[in-house]
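Peer 1: At position 171 of the sequence shown the residue is numbered 170 (numbering that gives the first Met the number 0), and the sequence of numbers has no breaks.
We put the CB at the ideal spot given by N, CA and C, even for glycine.
On a predicted model such as this, the values are computed, not experimentally measured, just so you know.
Right, I'll just put the structure down here and ask away after.
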Amino acid sequence: MRFRVSPLTSGGQSAVLLTSDGTRIEAEHLAARGVGRDLAIVVAHGFSGALERPAVRRAAGVLNRSGGVFTFSFRGHGRSGGHSTVGDREVLDLDAAVRWARRLGYARVAAVGFSMGASVVLRHAGAGPGAGLAPVDAVVSVSSPARWYYRGTAPMRRLHWVVTRPTGRLVSRFGLHTRINSAEWDPVPASPVESVPHIAPTPLLIVHGDRDTYFPLDHPRSLAEAAGEGGAELWIEPGFGHAENAADEKLLGRIGDWLTARVGVR
């Protein structure tokens, strides 16, 4: 795997990662501080996010108390190349970041995803060894959909308009700074609920808010049910909205504590 690495004045490292399908992905590493020096936490943002967005920066800063943190911008987002496929080819972007963490010497790597990124971490972890993806040691899904093509809420109907209509993709490009691939999925990738049964024995945490305006509570509950008995831990968070923009320091800190407890970091 090829990538370019240069130091940042912030004390982290920036990199351009090359995915297995040749897409260039911008990424950043914050070294572990104190406890968790052998744990890497790879953060996968939601649709229209990017590593420089304040919510992603905040999440990285809190999770950095529990280990090294890797943030990146999915294809079509931020300064990454390519076009967003809204959760399909993005598993290759996550995989490139996981491999970078392994190359830097981290013994354990966890993936924490939000919304679209949550669906990606579930699909990545549930793909199985035959998919050729780098394994992870723990998975946290925050505000993930359970199934594709959901249009049951107003925000999701707006998102489908953005993704499927030429005018919507134009709005996304200039208003959301997100470039979307116009091609339909072919084939349709495995959905999160289809992927979850294949994640065990890797520890899995599913986090969802009871005020999520995108995906109602049947989504996290169906994911937990699909994981099977003992296959996942489910947190339904009172008052929590959607994804990284709504995740406060307390919730992010609890996620970090869950990771360190599950993977046995030093």
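DSSP three-state label for K249, please.
Peer 2: Translated into positions along the sequence shown, residue 249 becomes position 250. Helix, per DSSP.
Peer 1: Quick one: grab the DSSP three-state call for S118.
Peer 2: Here residue 118 corresponds to residue number 119 of the sequence shown, with the count starting at 1. Here S118 sits in helix by DSSP.
Peer 1: For F73, list the residues DSSP reports as bridge partners.
Peer 2: Walking along the sequence shown from the start, residue 73 turns up at place 74. In DSSP, F73 forms no bridge with anything.
Peer 1: Determine the direct distance from the alpha carbon of P188 to that of Y149, and round the result to whole angstroms.
Peer 2: Position 150 of the sequence shown, counted from the start, is the residue given in the question as residue 149. Position 189 of the sequence shown, counted from the start, is the residue given in the question as residue 188. For Y149 and P188, the distance between alpha carbons rounds to 15 Å.
Peer 1: Check each candidate in R102, I24, S19, L204 and name the one with the smallest Cα separation from G255.
Peer 2: Within the sequence shown, numbered from 1, the residue matching residue 255 stands at position 256. Checking every option, the nearest Cα to that of G255 belongs to L204.
Peer 1: Determine the direct distance from the alpha carbon of V85 to that of W147, and round the result to whole angstroms.
Peer 2: As a first step, residue 147 is located in the sequence shown; it is residue number 148 there, counting from the start. As a first step, residue 85 is located in the sequence shown; it is residue number 86 there, counting from the start. Roughly 10 Å between the two C-alpha positions.
Peer 1: Between the region 133 to 148 and the region 197 to 212, do at least 3 Cβ pairs fall closer than 8 Å?
Peer 2: The region 133 to 148 vs the region 197 to 212: in contact.
Peer 1: From D87 to A14, what distance separates their C-alpha atoms?
Peer 2: Within the sequence shown, the letter at position 88 stands for residue 87. Within the sequence shown, the letter at position 15 stands for residue 14. Computed Cα separation, rounded: 23 Å.
Peer 1: Based on the DSSP output, what are the partners of I198 in its beta bridges?
Peer 2: One-based indexing of the sequence shown puts residue 198 at position 199. Answer is none; I198 lacks a bridge partner.
Peer 1: Ordered along the chain, which non-local residues of its own chain (more than five positions away) have a Cβ less than 7 Å from that of L251?
Peer 2: If you number the sequence shown from 1, residue 251 lands on position 252. Counting only Cβ-Cβ distances below 7 Å, and skipping sequence neighbours, we find A58, V61, L62.
Peer 1: What do you get for A260, buried or exposed, if any count of 16 or more other CB atoms within 10 angstroms of its CB means buried?
Peer 2: Sequence index remark: in the sequence shown, residue 260 carries index 261 (1-based). So A260 counts as exposed.
Peer 1: Is the region 23 to 42 touching the region 62 to 80, taking contact as three or more C-beta pairs under 8 Å?
Peer 2: Touching, per the Cβ criterion.
Peer 1: Label R168 either buried or exposed according to how many other C-beta atoms from any shown protein chain fall within 10 Å of its C-beta, with 16 as the threshold for buried.
Peer 2: Here residue 168 corresponds to residue number 169 of the sequence shown, with the count starting at 1. It counts as buried.
Peer 1: Identify which residue in R102, T163, A43, L103 has its Cα closest to the Cα of T117.
Peer 2: In the sequence shown, the residue the question calls residue 117 occupies position 118. Going by the sequence as given, residue 117 is Ala instead of Thr. That would be A43, whose Cα lies nearest to the Cα of A117.
Peer 1: Using CA atoms only, rank isn't needed, just tell me which of G45, M115, A109 is closest to V68.
Peer 2: Your numbering for residue 68 matches position 69 in the sequence shown. Checked all of G45, M115, A109; the closest Cα to V68 is A109.
Peer 1: On the CB-based measure, 16 or more other CB atoms within 10 Å of its CB, does E89 come out buried or exposed?
Peer 2: On the sequence shown, residue 89 is found 90 positions in, with the first residue counted as 1. Classification of E89: buried, given that the 10 Å Cβ count is 16 or more.
Peer 1: For S13, which of helix, strand or coil comes out of DSSP?
Peer 2: The residue labelled residue 13 in the question sits at position 14 within the sequence shown. Strand.
Peer 1: Report the option in G229, G112, F214, V120 whose CA atom is closest to the CA atom of N156.
Peer 2: Your numbering for residue 156 matches position 157 in the sequence shown. The question names Asn, but residue 156 is Arg in the sequence shown. Ranking G229, G112, F214, V120 by Cα distance to R156 puts F214 first.
Peer 1: Taking the alpha helix (DSSP H) that W99 falls in, what are its first and last residues?
Peer 2: Mapped onto the sequence shown, residue 99 falls at position 100. Where W99 is concerned, the enclosing alpha helix (DSSP H) stretches over 89 to 102.
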